[in-house]
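Chemist:
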């Protein structure tokens, strides 16, 4: 049982900080601006990325200090993963929380941080910076691909639970 990778033998709550951070596949989808309908609570992704998201690496350019620049940045925690309904279906945190395995392209599985981009899962090449769009125009950038990127990806090999 100890030859199993940590994400198959540990719950999110049991992971240490390094393991937790490594679950991020670097897709950048969670860093896209979202619009929420006041009445229904429905959330819509836009192709407008946070000003701190590097469009090439799909990583935060100021991760340790992000709240200094983006005070409303949502911090994903072990406690709130199950409450964040807008997490993409391919998100490693979501998959592990649901007892499912990571996809073949996840860097922890492939050993290569580029496979998430090669598989077409990431935001690379699909976004515009929020610095270049008036906030009143965000609705012109609503997209559904962050919720469908994994549909053509190979399914996880097995359940972990």
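In UniProt numbering, the protein residues as written are 1 to 161.
Even glycine gets a Cβ: it sits at the ideal position worked out from N, Cα and C.
Here the structure is a predicted model, which means the values were calculated and not measured.
Going along the chain, which residues of its own chain have a beta-carbon closer than 6 Å to the beta-carbon of residue 109, five neighbours each way excluded?
Modeler: The residue given as residue 109 occupies position 109 in the chain shown. Excluding sequence neighbours, residue 109 sits near 102.
Chemist: Closest to residue 8 by C-alpha separation, out of 100, 115 and 25, would be which residue?
Modeler: Sequence index remark: in the chain shown, residue 8 carries index 8 (1-based). Considering only alpha carbons, the answer is 100.
Chemist: Grouping DSSP H, G and I as helix and E and B as strand, with all else coil, what is residue 102?
Modeler: Your numbering for residue 102 matches position 102 in the chain shown. Coil.
Chemist: Could you tell me which of 136, 78, 3 and 12 sits nearest to residue 48, measuring between CA atoms?
Modeler: For the purposes of this step, residue 48 is identified with residue 48 of the chain shown, where counting begins at 1. Per the Cα distances, 136.
Chemist: Could you name the residues that DSSP lists as bridge partners for residue 53?
Modeler: For the purposes of this step, residue 53 is taken as the residue at position 53 of the chain shown. Beta-bridge pairing links residue 53 to 60.
Chemist: For the putative contact between residue 35 and residue 139, defined by C-beta atoms under 8 Å, what is the C-beta separation to the nearest angstrom?
Modeler: For the purposes of this step, residue 35 is taken as the residue at position 35 of the chain shown. For the purposes of this step, residue 139 is taken as the residue at position 139 of the chain shown. Rounded, the Cβ-Cβ distance is 6 Å, consistent with contact.
Chemist: Which residue or residues does DSSP assign as beta-bridge partners of residue 45?
Modeler: The count along the chain shown starts at 1 and reaches residue 45 at position 45. Note: residue 45 sits in a beta bridge opposite 34 and 143.
Chemist: Write down the C-beta distance between residue 105 and residue 116 rounded to the nearest angstrom, noting that I regard them as a contact closer than 8 Å.
Modeler: As a working note, residue 105 is residue 105 in the chain shown. As a working note, residue 116 is residue 116 in the chain shown. With 8 Å as the limit, residue 105 and residue 116 qualify as a contact, their Cβ atoms being about 5 Å apart.
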